[in-house]
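Undergrad: Got a structure for you, questions after.
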Amino acid sequence: MALFITFEGGEGSGKTAQARALHRKLARLNIPVVLLHEPGGTSLGRRIARWLKWVQDAEMSPLSELLLFNASRAQLVAEVIRPNLVNGKVVICDRYTDSTIVYQGYGRGLDMELVRATNGAATGGLVPDLTVLLDVPVEEGFARKCVKARDRFEQEDIAFHQRVGEGYLKLAQAEPERWLVIDGCQSRARIAQIIWGRVSQLLGGVGVGGA
Ligand SMILES: Nc1ncnc2c1ncn2[C@@H]1O[C@H](COP(=O)(O)OP(=O)(O)OP(=O)(O)O)[C@@H](O)[C@H]1O
Ligand SMILES: [Mg+2]
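When the count follows the numbering used here, it moves up by one through the sequence shown with no breaks and lands on 213 for the last residue.
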């Protein structure tokens, strides 16, 4: 059954860990599933992602950043997400349009209408069925990450990341039926259980009760 699930949250909030756990769970149940992440997921997207994260020798304007994220996204939606949904698969995406609203909108201060319009153009209006928000204090998220080199976003100050975190909560409050907000400070296993509770419901009760 086609289902589009996205994972959102600040740096080190556990998105990748939980997206992978859900992917494993569905694969074990023989439910057709693909796991993707943004920016990237296509050959063009991976090249754009390198610019977005690692360009150090040039200033990137917030508008360029917005357009590059959405260039990567447009390619991913057209090349991978839509075809897989049409084929009835579950598509899991580690970050999607909401990341752009909070990082480029709340974080960088770009006009929200512009951000939303650009997201809409890139996706053709494709909205997730479920968005999981892993809510973790900024300091906790950074403490978890042990990266050798910090990318352009990880280098931003704490105020930037606070705006991102607050932005996420506002989005979730505005659309409670789409968002599942989880306290990301709980154990990995507990979080996975909460996510599975919702996903299995959306899939019509498959594997409910099974570990
Ligand atoms: N519930 C949890 N409790 C404690 N540590 C966790 C939990 N979930 C994930 N971690 C650990 O925190 C670190 C960051 O997790 P992960 O990479 O999944 O986060 P992320 O949101 O994908 O981060 P990024 O913003 O870098 O993409 C990893 O070392 C991971 O093992
Ligand atoms: Mg990650």
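Note that beta-carbon positions come from the ideal geometry of N, C-alpha and C, so glycine has one too. These figures come from a predicted structure and were not determined experimentally.
#1: So the beta strand (DSSP E) E2 belongs to, where does it begin and stop?
#2: By Cβ distance, which residues of its chain are closer than 6 Å to F162, with the 5 residues on each side in sequence left out?
#3: I want to check one thing, is the minimum distance from the CB of T8 to the heavy atoms of ligand 2 below 7 Å?
#4: Have a look at the DSSP bridge pairing and note the partners of H25.
#5: Please tell me whether E67 and L54 are closer than 8 Å, where the distance is taken between their beta carbons.
#6: Taking 7 Å as the cut-off, is the C-beta of T18 nearer than that to any heavy atom in ligand 1?
#7: Cβ of L37 within 8 Å of Cβ of I94?
#8: Assuming the contact rule is C-beta atoms closer than 8 Å, A4 and A76 should be a hit. Round their C-beta distance to whole Å, please.
#9: Regarding D153 and ligand 2, is the C-beta to nearest heavy atom distance less than 7 Å?
#10: With DSSP as the reference, label V88 as helix, strand or coil.
#11: What do you reckon, is the C-beta of D1 under 7 Å from a heavy atom of ligand 2?
#12: Could you compute how far the alpha carbon of W198 sits from the alpha carbon of M62?
#13: Does the beta-carbon of R26, which I'm using as the reference point, lie nearer than 7 Å to any heavy atom of ligand 1?
#14: Under 7 Å from any heavy atom of ligand 1, does the C-beta of G14 make it?
#15: Closer than 6 Å by C-beta to V201: which residues in its own chain qualify, once you throw out the five before and the five after it? Chain order, please.
#16: Could you please give the first and the last residue of the uninterrupted beta strand (DSSP E) stretch that includes L112?
#17: Would the beta-carbon of G11 fall within 8 Å of that of D137?
#18: For R30, which residues of its own chain have a beta-carbon under 7 Å away from its beta-carbon, when the five flanking residues on both sides are left out?
#19: Count the other CB atoms within 10 Å of the CB of I103; is the residue buried (16 or more) or exposed (fewer)?
TA: Based on what the coordinates show:
#1: Shown here, the chain extends from 3 to 213; a query on residue 2 therefore has no answer.
#2: G109
#3: no
#4: H25 has no beta-bridge partner at all, per DSSP.
#5: yes
#6: yes
#7: yes
#8: Approximately 20 Å separates the beta-carbon atoms of A4 and A76; this is outside 8 Å, ruling out the contact.
#9: Flag unset: Cβ of D153 not near ligand 2.
#10: helix
#11: The displayed coordinates of the chain run from 3 to 213. Any statement about residue 1 would go beyond what the structure contains.
#12: C-alpha separation (whole angstroms): 39 Å.
#13: no
#14: yes
#15: Cβ within range, chain order: n/a, list empty.
#16: Per DSSP, L112 lies in no beta strand (DSSP E) segment and is marked neither H nor E.
#17: yes
#18: Cβ within range, chain order: n/a, list empty.
#19: buried
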